[in-house]
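Data first, discussion second: the structure below is written as structure tokens.
There are 2 protein chains.
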Amino acid sequence: MMWVNRLRRARRRAQPDRNIVIKPVYIDYPCEVSTAEPSPTSTAGVESSPSKRATIGDVAARAGVSKSTVSFVVNGRPGVSATSRDRVLRAAAALGWQPSARARALSRNRTQAVGLVIRRDPELLSTDPFFPQFMAGIEIGLAAREYSLVLQVVGDEQSERAAYRRFARESRADGVFLTDLRIHDTRPEELRELGLTAVIVAPEGTEPGGDPTIGMNDDAGVRRAVHHLHSLGHQHIAHVMGTAGYVHTEARRRAWQGALEELGLPIGTVVTADFTGASGARATHELLDLPQPPTAIVYGNDLMAIAGISVAADRGLRVPDDLSVVGFDDIPLAPYTVPPLTTVRQNVVAWGTAAAQTLVALVEGKQPPPVDLPPVEFIVRGSTGRTSTRDTGSR
Amino acid sequence: MMWVNRLRRARRRAQPDRNIVIKPVYIDYPCEVSTAEPSPTSTAGVESSPSKRATIGDVAARAGVSKSTVSFVVNGRPGVSATSRDRVLRAAAALGWQPSARARALSRNRTQAVGLVIRRDPELLSTDPFFPQFMAGIEIGLAAREYSLVLQVVGDEQSERAAYRRFARESRADGVFLTDLRIHDTRPEELRELGLTAVIVAPEGTEPGGDPTIGMNDDAGVRRAVHHLHSLGHQHIAHVMGTAGYVHTEARRRAWQGALEELGLPIGTVVTADFTGASGARATHELLDLPQPPTAIVYGNDLMAIAGISVAADRGLRVPDDLSVVGFDDIPLAPYTVPPLTTVRQNVVAWGTAAAQTLVALVEGKQPPPVDLPPVEFIVRGSTGRTSTRDTGSR
DNA sequence: TTGTACGCGTTATCAG
DNA sequence: CTGATAACGCGTACAA
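If you're matching them up, the sequences are chains G and X in order.
Start counting the first sequence at 1; every next residue gets the next number (the UniProt record's numbering).
Start counting the second sequence at 1; every next residue gets the next number (the UniProt record's numbering).
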């Protein structure tokens, strides 16, 4: 019933404009209007084939025009008289016709879909805030709703390659996102070989050559974190890195180090971890076991930072009095740790939106719109504070 | 180069069996074998059209058979002589031909894709462990790799409806998953009207009628939590519910209440929240402000529980001495809260796998395999303990 | 504006 | 049995 109402409204709306360039027509109703019983309106129709979806031919016949004319109308192309246009729309509405996406894909040789491969260790899969937000952002960028997002979740590198190959081979996607860029990543080249249009998602400043890169300057957040700690009197600031080899991991480490150099502070210890809680805990123990332990630690993500707080508590250290902790991501839990976590927040949703818009533009051979991402934010909460240690540079 | 090797291997494998029923052939190489320079092998070919993808017609011509024969071979249908089969495979390998997924979709009237609509408040999007794990599970269930997962992330109910309509209208998916079932949910019916095959993902015992339901008995976990608290001497056990109206929200509340009744404990206070940290914090304050505050709280998810711990800490209460806390989900952070969180864990990945297998079977008109999900686990960590309050039932 | 070939497999029909 | 022919699914694009 609801559908019928929609249908009526759609029909009423169908007053043709003059034949200026006309927007594509989009009619919002399900494939088959009359399913079970022949609806009263359809009796007026020419041939009521109830359970069969109408085709462009049916519409053309009913409107008394050719298929091409119908195609022109639906695609908003000029060169159709107002009367024909009107008749076509009327016929389409009456038959409940929608152009078939499948037939379109075949003749246009495009799927109208973009692909995303998610590669994550099982443990990180449900904690990493990146992908959910990124996907939400993509959807916003795909907002015209004419593209779909095809997803594949994989666990290792080999499956990842296979996933991209599959996208290409089965033409599942017209373009793909490339995330988690690694140092000396060979994937951009591989995607080119596969003939897949790609947008690379990586921190600003990355130049993998060729494909366009959408990036945020997340290292600005890390720099601000170090400056913040310095202003609180910290001299010994360590860093717990995420998985080595990723561009963003390195970018964060470089930002930490660069800030220390700027401030003339000694370069603290770096421990390589892998973004998991367990690795963050281990790294924290390592740092606190040093003969001269840091008074502050900057972590590569929130999960490791929170594990660090937990380790500190276990060892009887107070946060932030004995140890200040900074995370990265600002997961929704960050305000609810004890103490609340100071961290860096990027607008991942906006990032995804920009990436999607760029990718769609590329796929359609248009000029990608300029990207303007909001700046990274540094969120000060309770896990950072003045150090209680008289930190004179050596003790 | 890699491709060439694969190709050789594929070719070598191509020894035809006898004409028993033959498995579909699957060749793993990219669409176009020779891209830039004409490869040495292709000169031996009949017509080397470098940049153009081969079609079934080309293969048929090269093998000296008809298109139907090629089709039969690729689809593993009987009725093809071993010689023909051999020639076809040889020709296909030589031309690097793959059946076009698009053409197949058109003629088979199937997309070979399943759809998932994710509806979440922005805040919960990046914390909720359900969807990432569920998606990973789906991928495993789609393992034969012949189906794709098409995703849509939406924020509200209206967009959700639109998403399903779009799946149907554009034939983006042959079937869909229906998650977050609500009480008196109208979506199953709507999906039926749209002609979309669906699998409902909801707690065990739900009977929305019609569509098959894949469920876990997550309430068993909540029951065990209550029993555990009882065994620790708790008499006043409250519950913080998630968003009202969801089947799983209600199921958890009922499980909590049922366990209390079983044990002859007074039914504690229920506060309705919405799964966010903020709501969990607010609910906790409410409970602790009661004239007779609970000594233990069972939360509808981990995020709210962790917020609860934070509130308790702010109010100077010790967890678990003054207040025991139980969560639900076992997010990867749960071991790293202070104290570590006692919680309930479901195997969401297995759930997703089962759902996917069921959906694919339905779409293909086969009998769905029996589902056998691992039981829910109850994970005791540090946030629950003997109550320090002399809890005699009234104080 | 229209006719029509085309994109690419699938499948029913029919002949060998 | 084996295999070929042709119609079909549904738009798009180009020539007329």
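Beta carbons are placed, not taken as given, at the ideal position from N, Cα and C, and that holds for glycine.
What are the boundary residues of the alpha helix (DSSP H) that residue i is part of?
i: glycine 137 of chain X; result: 130-141
i: glutamine 257 of chain X; result: 247-263
i: threonine 358 of chain X; result: 348-363
i: valine 73 of chain G; result: 67-74
i: tyrosine 299 of chain X; result: Unbroken run through tyrosine 299 of chain X is the beta strand (DSSP E), 296-299; no alpha helix (DSSP H).
i: glycine 115 of chain G; result: Looking at the DSSP string, glycine 115 of chain G is not in any alpha helix (DSSP H); the run it does join, the beta strand (DSSP E), is 113-119.
i: valine 88 of chain X; result: 82-95
i: serine 310 of chain G; result: 302-314
For residue i, I'd like the list of residues in its chain whose CB is within less than 6 Å of its CB, leaving aside the five on either flank, ordered along the chain.
i: proline 129 of chain G; result: Asp329 and Ile331
i: arginine 381 of chain X; result: Pro340, Leu341 and Thr342
i: isoleucine 379 of chain X; result: Asp330, Thr343 and Arg345
i: alanine 63 of chain G; result: Arg87, Val88 and Ala91
i: alanine 198 of chain G; result: Val176, Leu178, Leu191 and Asp211
i: threonine 272 of chain G; result: Met241 and Ala244
i: alanine 103 of chain G; result: none
i: valine 33 of chain X; result: The predicted position of valine 33 of chain X is uncertain, since its pLDDT is 29 and thus under 50; a value taken from the coordinates is nonetheless stated next. For valine 33 of chain X, where only same-chain residues beyond five positions count, the Cβ hits under 6 Å are Gly96.
i: leucine 196 of chain X; result: Ala168 and Val176
Exposed or buried, which one is residue i when buried takes at least 16 other CB atoms within 10 Å?
i: serine 231 of chain X; result: exposed
i: arginine 169 of chain G; result: buried
i: threonine 83 of chain G; result: exposed
i: histidine 239 of chain X; result: buried
i: threonine 387 of chain X; result: buried
i: threonine 284 of chain G; result: buried
i: isoleucine 214 of chain X; result: buried
i: glutamine 292 of chain X; result: exposed
i: threonine 186 of chain G; result: exposed
i: leucine 290 of chain G; result: exposed
i: tyrosine 29 of chain X; result: Because the pLDDT at tyrosine 29 of chain X is just 32, under 50, the model does not fix this residue reliably, and the value given afterwards should be weighed accordingly. Under this definition tyrosine 29 of chain X is a buried residue.
i: serine 324 of chain X; result: buried
i: proline 203 of chain X; result: buried
i: glutamine 158 of chain G; result: exposed
i: asparagine 109 of chain X; result: exposed
i: glycine 300 of chain G; result: buried
What residues in its chain sit with their C-beta under 7 Å from that of residue i, if we drop five residues either side in the sequence?
i: alanine 255 of chain G; result: Asp219, Val222 and Arg223
i: leucine 373 of chain G; result: Met216, Asn347, Ala350, Trp351 and Ala354
i: threonine 206 of chain X; result: Leu181, Thr213, Gly215 and Val247
i: serine 107 of chain G; result: none
i: valine 371 of chain X; result: Ile214, Ala354 and Thr358
From what residue to what residue does the beta strand (DSSP E) around residue i run?
i: methionine 241 of chain X; result: 237-241
i: phenylalanine 275 of chain X; result: It is not in any beta strand (DSSP E) - phenylalanine 275 of chain X carries neither H nor E in the DSSP assignment.
i: glutamine 152 of chain X; result: 148-154
i: valine 226 of chain G; result: That residue, valine 226 of chain G, is in no beta strand (DSSP E); its alpha helix (DSSP H) goes 219-231.
i: serine 171 of chain G; result: Serine 171 of chain G -> no beta strand (DSSP E), and no H or E assigned at all.
i: isoleucine 200 of chain G; result: 197-201
i: isoleucine 379 of chain G; result: 377-379
i: serine 100 of chain G; result: Run containing serine 100 of chain G: none; DSSP gives neither H nor E here.
i: valine 326 of chain G; result: 324-326
i: arginine 345 of chain G; result: 343-345
Short of 8 Å in beta carbon distance, which residues of its chain neighbour residue i, apart from the five on each side in sequence? Order them along the chain.
i: proline 266 of chain X; result: Gln235, His236, Leu260 and Gly393
i: serine 310 of chain G; result: Ala281
i: valine 114 of chain G; result: Ile138, Leu142, Tyr147, Ser148, Leu149, Val150, Ala173, Asp174, Gly175, Val176, Phe177, Ala356, Leu359, Val360 and Val363
Report the residue from the options whose alpha carbon sits nearest the alpha carbon of residue i.
i: glutamine 357 of chain G; options: G/Tyr147, G/Val247 and G/Leu317; result: G/Tyr147
i: histidine 228 of chain G; options: G/Val326, G/Ala283 and G/Pro294; result: G/Val326
i: valine 153 of chain X; options: X/Glu193, X/Pro122, X/Tyr336 and X/Ser107; result: X/Pro122
i: threonine 343 of chain X; options: X/Glu364, X/Pro368, X/Val376 and X/Val80; result: X/Val376
i: arginine 58 of chain G; options: G/Pro99, G/Gly79 and G/Pro78; result: In the sequence as displayed, the identity of residue 58 of chain G is aspartate instead of arginine. Among G/Pro99, G/Gly79 and G/Pro78, the Cα nearest to that of aspartate 58 of chain G belongs to G/Pro99.
i: leucine 303 of chain G; options: G/Gly79, G/Asp274 and G/Arg102; result: G/Asp274
i: serine 171 of chain G; options: X/Thr111, X/Gly141 and X/Glu193; result: X/Thr111
i: methionine 135 of chain X; options: G/Phe131, G/Ser68 and G/Ile138; result: G/Phe131
i: arginine 53 of chain X; options: X/Val270, X/Val80, X/Thr384 and X/Trp97; result: X/Trp97
i: arginine 315 of chain X; options: X/Val298, X/Asn301 and X/Glu286; result: X/Glu286
i: alanine 278 of chain G; options: G/Gly308, G/Ser66 and G/Glu189; result: G/Gly308
Against chain G, which members of the region 184-198 of chain X pass a CB distance test of less than 8 Å? Glu193, Leu194 and Gly195
Using a beta-carbon distance cut-off of less than 9 Å, what residues from the region 336-369 of chain G approach chain X? Residues of the region 336-369 of chain G with a C-beta less than 9 Å from any C-beta of chain X: Tyr336, Thr337, Val338, Pro339, Pro340, Val348 and Val349, listed in chain order.
Positions along the region 310-331 of chain X whose CB lies within less than 7 Å of some CB in chain G: The residues in question are Ser310, Ala313 and Ile331.
Please identify, using Cβ separations under 8 Å, the residues of the UniProt domain "HTH lacI-type" (54-108) of chain X that lie next to chain G, in order along the chain. Gln98, Ser100, Ala101, Arg102, Ala103, Ala105 and Leu106
Listed from N- to C-terminal order along the chain, which residues in the region 216-230 of chain G have their beta-carbon within a distance smaller than 7 Å of any beta-carbon of chain X? Correct list: empty, as no residue qualifies.
According to a CB-to-CB cut-off of less than 9 Å, which residues of the region 271-290 of chain X neighbour chain G? Thr276, Gly277, Ala278, Gly280 and Ala281
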